[in-house]
Amino acid sequence: GKTELASRLLAWRIGHGDFVELALNARLVQVLLGTRYRTVDLDERAQLDGDLVKHIHFMWSCGVSPGSNYSVNVETLRRHVYGAVANDGTEYTPAAIRQQRKRLLDAVRSIAALDHWHVRRQGHRIDVARKARKKGGQRRWASGPNLWTSSHGRRAG
33 GKTELASRLL AWRIGHGDFV ELALNARLVQ VLLGTRYRTV DLDERAQLDG
83 DLVKHIHFMW SCGVSPGSNY SVNVETLRRH VYGAVANDGT EYTPAAIRQQ
133 RKRLLDAVRS IAALDHWHVR RQGHRIDVAR KARKKGGQRR WASGPNLWTS
183 SHGRRAG
């Protein structure tokens with residue numbers, strides 16, 4: 033959508049349907065919330081198609097600092113995104129699990145196509161590196177909490 037307002041502190045634009053995308057200056061968020069935060073590149077996010085890939089991009093943006101890396105098992109990522117059991121409490125069927133993995137790996141490939149991410153699958157493991165950016169580049173950022181703090185996978189770097 034078209035940017036409706038932009039300043040050094042915030043920007044918003046009307047998205048598809050009834051959604052409004054709001055981007056706050058990262059320092060403002062830190063002052064308001066008094067907590068640690070991570071940045072999500074909205075230009076990257078706009079290149080992604082679908083809720084699943086945007087969800088994973090958000091998780092990784094919040095959990096992998098620029099210049100660092102992360103490694104996660106495909107099954108751990110699947111359980112994190114879809115849950116260990118279906119919403120009705122039943123176990124997923126093997127066919128459903130295969131379909132979930134396929135969707136996840138398609139989403140991971142989309143993130144790998146972004147300029148500032150390096151993603152490689154090695155067997156059951158996905159290695160993710162967020163490339164450091166050069167200072168001074170104009171980017172649009174949104175802030176989010178550091179959500180990738182569970183004991184699933186391991187963080188390196």
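Per the numbering used here, residue 33 is the first one in the sequence shown, and the count goes up by one each step.
Glycine is no exception: its CB is placed at the ideal position from the N, C-alpha and C atoms.
DSSP state of residue 55, grouped into three classes?
-> strand
Measuring CA to CA, which of 97, 120, 135 is closest to residue 127?
-> 135
Taking Cβ positions only, does residue 71 come closer than 7 Å to chain D?
-> In the displayed structure, chain D is absent; only one protein chain is listed.
Quick one: any contact between the region 93 to 110 and the region 147 to 165, if contact means 3 or more CB pairs under 8 Å?
-> yes
Would you kindly work out how many angstroms separate the C-alpha atoms of residue 130 and residue 40, rounded to a whole number?
-> 45 Å
Residue 64 burial status per 10 Å Cβ neighbour count (16 or more: buried) = exposed
Would you please state the rounded distance, in angstroms, between the beta carbons of residue 74 and residue 55? I believe it to be under 8 Å.
-> 6 Å
Between residue 185 and the rest of its own chain, which residues show a CB-CB distance below 8 Å, the 5 nearest in sequence each way excluded?
-> No answer about residue 185 holds up, because its pLDDT of 36 lies below 50 and its placement is not dependable.
State the start and end residues of the unbroken beta strand (DSSP E) segment that holds residue 103.
-> 101 to 105
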